[in-house]
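In what follows, a structure is listed as structure tokens, so that the remarks can point back to it.
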Amino acid sequence: MIRQWSILVVVVICVVGAGVWVGALGRRPDRGPDHHTPSGLRFDEAHDAAGVRFHHFDSPRASLLPEDVGSGAGWGDFDNDGDEDLYLVNFAGPFLMEPAELAKRPGNRLFRNDGGKFTDVTAEMQVGHVGWDYACLWIDVDNDGWLDLVLTHYDGVVLYRNHEGKKFVEATAEAGLADIHRFVLGMTAADYDHDGDLDIYVCGYVTFDREKAKGRPLVAGRPAVWTNPTSYPAEPNILLQNDGKGIFSDVTATAGVANPDGKSMQAVFCDFDNDGWPDLYVANDVGTADVLFHNRRDGSFAEVSLEAGTYDRRASMGLTVGDVWHRGWMDLFATHWVAEDHALWKNRTDEFGDKTAIAFDDVAPAAGLVAIKKSAYVGWGSGLYDFDNDGWLDLMLVNGSTIEDELTLDVLTNPKLMPQPAQLLHNDGTGKFIDVSEQAGAFFPKHKVSRGLAFADYDHDGRMDAVVVSHGGPATLLHNTTPRTSHWLGVRLEGTKSNRYGVGARVRVKARGQVHTRQRVLGCSYLSSDAYLCHFGLGAAERADSVEVDWPSGAKSTVDDVPADQIITIKEDSTET
Numbered sequence: 000m001i002r003q004w005s006i007l008v009v010v011v012i013c014v015v016g017a018g019v020w021v022g023a024l025g026r027r028p029d030r031g032p033d034h035h036t037p038s039g040l041r042f043d044e045a046h047d048a049a050g051v052r053f054h055h056f057d058s059p060r061a062s063l064l065p066e067d068v069g070s071g072a073g074w075g076d077f078d079n080d081g082d083e084d085l086y087l088v089n090f091a092g093p094f095l096m097e098p099a100e101l102a103k104r105p106g107n108r109l110f111r112n113d114g115g116k117f118t119d120v121t122a123e124m125q126v127g128h129v130g131w132d133y134a135c136l137w138i139d140v141d142n143d144g145w146l147d148l149v150l151t152h153y154d155g156v157v158l159y160r161n162h163e164g165k166k167f168v169e170a171t172a173e174a175g176l177a178d179i180h181r182f183v184l185g186m187t188a189a190d191y192d193h194d195g196d197l198d199i200y201v202c203g204y205v206t207f208d209r210e211k212a213k214g215r216p217l218v219a220g221r222p223a224v225w226t227n228p229t230s231y232p233a234e235p236n237i238l239l240q241n242d243g244k245g246i247f248s249d250v251t252a253t254a255g256v257a258n259p260d261g262k263s264m265q266a267v268f269c270d271f272d273n274d275g276w277p278d279l280y281v282a283n284d285v286g287t288a289d290v291l292f293h294n295r296r297d298g299s300f301a302e303v304s305l306e307a308g309t310y311d312r313r314a315s316m317g318l319t320v321g322d323v324w325h326r327g328w329m330d331l332f333a334t335h336w337v338a339e340d341h342a343l344w345k346n347r348t349d350e351f352g353d354k355t356a357i358a359f360d361d362v363a364p365a366a367g368l369v370a371i372k373k374s375a376y377v378g379w380g381s382g383l384y385d386f387d388n389d390g391w392l393d394l395m396l397v398n399g400s401t402i403e404d405e406l407t408l409d410v411l412t413n414p415k416l417m418p419q420p421a422q423l424l425h426n427d428g429t430g431k432f433i434d435v436s437e438q439a440g441a442f443f444p445k446h447k448v449s450r451g452l453a454f455a456d457y458d459h460d461g462r463m464d465a466v467v468v469s470h471g472g473p474a475t476l477l478h479n480t481t482p483r484t485s486h487w488l489g490v491r492l493e494g495t496k497s498n499r500y501g502v503g504a505r506v507r508v509k510a511r512g513q514v515h516t517r518q519r520v521l522g523c524s525y526l527s528s529d530a531y532l533c534h535f536g537l538g539a540a541e542r543a544d545s546v547e548v549d550w551p552s553g554a555k556s557t558v559d560d561v562p563a564d565q566i567i568t569i570k571e572d573s574t575e576t
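Letter 364 of the sequence shown, counting from 1, is numbered 363 in numbering that gives the first Met the number 0, and no numbers are missing.
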């Protein structure tokens, strides 16, 4: 909420129902036994050494709402070389700057991953959009096996088509997206209608009149502060249906997912009732409750927030999903604003006889999440990943206030938002989270105005890394250097009847009597997108008894007896099941 108060060795394995390529990638970190001691988690700042140099919104603030909501980041292997490349989104200049002047400013940046070191290839790949930009999403819109790129900005959406990793071509009008003219923020994507391609859901925020803002009155010797979203009407959200070739049609009305009063910041498609069809959770800012849409399987959705228990009027920004308690059901974490506790929605759908009735329970107090949130903190990007591979999902989130620091000397000329530290929370093995930020590296105690957060194992060492985009500051690449981690497994998906990257698939890894479940969702955290790889911490298990995939098409794949500490690729069986 925005508010102002004064190396590869490849072995081919053939199994019934799946095509699998197995490759041991990168070096293996030192491992210890299963453990839940929180002191070992550590991340080091690696952007300078890795060649990631980027500064978000290098300008004075004008105390206007569109400037303060921040920008995101996205990991995606655009050239199909096996390394996760990085796209960073910039709000290029002051919101009242004329477009001709804005065009001269630094825009978004694409960094190619060359084995853990990064090269800026923005100009070469022609994806350096310059504007008031917010979110990015790596998505294969035409199912050709190459990731395309979608962006949101103050006045709409931009699509770049990937030409086999050699260049991108801006194709917004060709894709049917040129007529979107509204203030839009986060995105998510899934095959909501089971036709084999990926559809996109775009969050509309508020109606903000830029021309009117130029004539703001003076208050106490400075232009009035216009950062409170309650002062502006909401923009409806948009569901864009894909025709299979990357041409999109607005089907919001027929699907029933406009959420016209929501002032939405982020959303996530996720199958919450395990029926094989993606549902939709929408995080709304101040004044309206979050919305949960249940997929009816006929092209439409039913709003079920009250029945599901998620009708919640706290201002929500960031979302992340994961199976926190190893129950096979996707739980949901949501970040909130000042004096509002974060929510950890435990999925209790399985506790009802009718498992199509989605049910959630906010267990944040019991999980230790109320104790770790200071009243002034405003949470944004977040991620549930097993950072030490002990078999339990940990939680990282970034914070940054939306309130100005009125005690600074330059409040009249360059008002600053109040910075706040990020947080790293270790799962103790029971679903309770312990704040280990102070021992986890130099980054976490630093005070920043952070917004976007995205995750990938960018150097293939089996430990999940992260990148943070902070408002008005440099991006931070966080390299996971936890010294003693347990075994792990990475799973890539290749769909045939389903969408090519397996978005929406459910992956279960069984190892030493424990079942680890992840769902391949696209567009989570805040304004950001994580790498497509499904990462599993396996604890002391040196191999997985089995890896099972439920594909969006209904097909199933199973691979037995998989050695740990490697990345495997599972290809969907083309035989219909």
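Where a beta carbon is used, it is the ideal one built from N, C-alpha and C, also for glycine.
Whose C-beta lies closer than 7 angstroms to the C-beta of residue i among residues of the same chain, with five residues either side of it excluded?
| i | result |
| --- | --- |
| Gly378 | Met316, Gly317, Thr334, His335, His341, Leu396 and Asn398 |
| Ile246 | Ala174 and Gly175 |
| Ala189 | Leu197, Asp198, Phe268, Pro277, Val502, Gly503 and Leu521 |
| Asn346 | Phe271, Trp328, Met329, Asp330 and Phe359 |
| Ala366 | Leu343, Gly430, Lys431 and Phe432 |
| Ala257 | Pro235, Asn236 and Thr251 |
| Gly164 | Phe77, Asp78, Asn79 and Trp145 |
| Arg221 | Leu411 |
Compute the beta-carbon to beta-carbon distance between residue i and residue j, rounded to the nearest angstrom, for a pair I have assumed lies under 8 angstroms.
| i | j | result |
| --- | --- | --- |
| Gly106 | Gly127 | 4 angstroms |
| Phe422 | Ser400 | The sequence shown places Gln at residue 422, not Phe. That belief does not hold up - the Cβ atoms of Gln422 and Ser400 are roughly 14 angstroms apart, past 8 angstroms. |
| Val337 | Ala375 | 6 angstroms |
| Phe94 | Glu66 | 5 angstroms |
| Leu416 | Val468 | Not really, about 14 angstroms apart at Cβ, beyond 8 angstroms. |
| Thr226 | Leu63 | 7 angstroms |
| Ala49 | Leu476 | 6 angstroms |
| Gly536 | Asp349 | Not really, about 23 angstroms apart at Cβ, beyond 8 angstroms. |
| Ala172 | Leu150 | Rounded, the Cβ-Cβ distance is 15 angstroms, inconsistent with contact. |
How would you label residue i, buried or exposed, when you count the other beta carbons within 10 angstroms and need 16 or more for buried?
| i | result |
| --- | --- |
| Val168 | exposed |
| Lys211 | exposed |
| Pro232 | exposed |
| Asp385 | buried |
| Leu406 | exposed |
| Ser497 | buried |
| Arg111 | buried |
| Lys213 | exposed |
| Ser304 | buried |
| Asn79 | exposed |
| Gly428 | exposed |
| Ser248 | exposed |
| Ala219 | exposed |
Locate the alpha helix (DSSP H) running through residue i, then write down its first and last residues.
| i | result |
| --- | --- |
| Glu97 | Looking at the DSSP string, Glu97 is not in any alpha helix (DSSP H), and its letter there is neither H nor E. |
| Ser485 | It is not in any alpha helix (DSSP H) - Ser485 carries neither H nor E in the DSSP assignment. |
| Ala122 | Thr121 to Met124 |
| Glu210 | Arg209 to Ala212 |
| Asp464 | No alpha helix (DSSP H) contains Asp464, which is instead part of the beta strand (DSSP E) from Asp464 to Ser469. |
| Ala455 | That residue, Ala455, is in no alpha helix (DSSP H); its beta strand (DSSP E) goes Ser449 to Ala455. |
| His335 | Not the alpha helix (DSSP H): His335 falls in the beta strand (DSSP E), residues Asp330 to His335. |
Take residue i and list the residues in its own chain whose beta-carbon comes closer than 6 angstroms to its own, dropping the five residues that flank it on each side.
| i | result |
| --- | --- |
| Pro562 | Arg542 |
| Gly144 | Arg499 |
| Arg41 | Ala439, Gly440, Thr480 and Thr481 |
| Val140 | Asp147 and Gly245 |
| Val506 | Val490, Arg517, Cys533 and Val548 |
| Gln240 | Asp198, Ser248 and Val250 |
| Gly614 | Residue 614 cannot be examined here, being either before or after the span of the chain that is shown, 0 to 576. |
Along the beta strand (DSSP E) that carries residue i, what are the first and last residues, could you check?
| i | result |
| --- | --- |
| Glu302 | Phe300 to Glu302 |
| His152 | Asp147 to His152 |
| His293 | Val290 to Asn294 |
| Thr319 | Ser315 to Gly321 |
| His425 | Gln422 to Asn426 |
| His515 | Gln513 to Gln518 |
For residue i, which residues from the same chain have a beta carbon less than 8 angstroms from its beta carbon, with the 5 sequence-adjacent residues on both sides left out?
| i | result |
| --- | --- |
| Asp113 | Asp82 |
| Ala363 | Asp340, His341, Ala342, Leu343 and Val369 |
| Gln125 | Tyr159, Lys166, Phe167, Val168 and Glu169 |
| Asp393 | Leu40, Leu383, Tyr384, Asp385, Phe386, Asp387, Leu423, Leu424, His425, Asn426 and Phe432 |
| Arg295 | Ala301 |
query = Does the segment 451-464 come close enough to the segment 524-538 to have 3 or more Cβ pairs within less than 8 angstroms?
reply = The segment 451-464 is in contact with the segment 524-538.
query = Looking at C-beta atoms only, is the number of pairs between the segment 94-105 and the segment 495-504 that lie closer than 8 angstroms three or more?
reply = no
message = When you compare the segment 271-290 with the segment 301-321, are there three or more beta-carbon pairs, one atom per stretch, that lie closer than 8 angstroms?
response = yes
message = Is it the case that the segment 150-157 contacts the segment 181-200, given that we only count it when at least three CB pairs across the two stretches are under 8 angstroms?
response = yes
ask   = Touching or not, the segment 503-523 and the segment 317-333, by the rule of three or more beta carbon pairs under 8 angstroms?
value = yes
task = Decide if the segment 217-231 is in contact with the segment 295-307; the criterion is three or more beta carbon pairs, one per stretch, under 8 angstroms apart.
result = no
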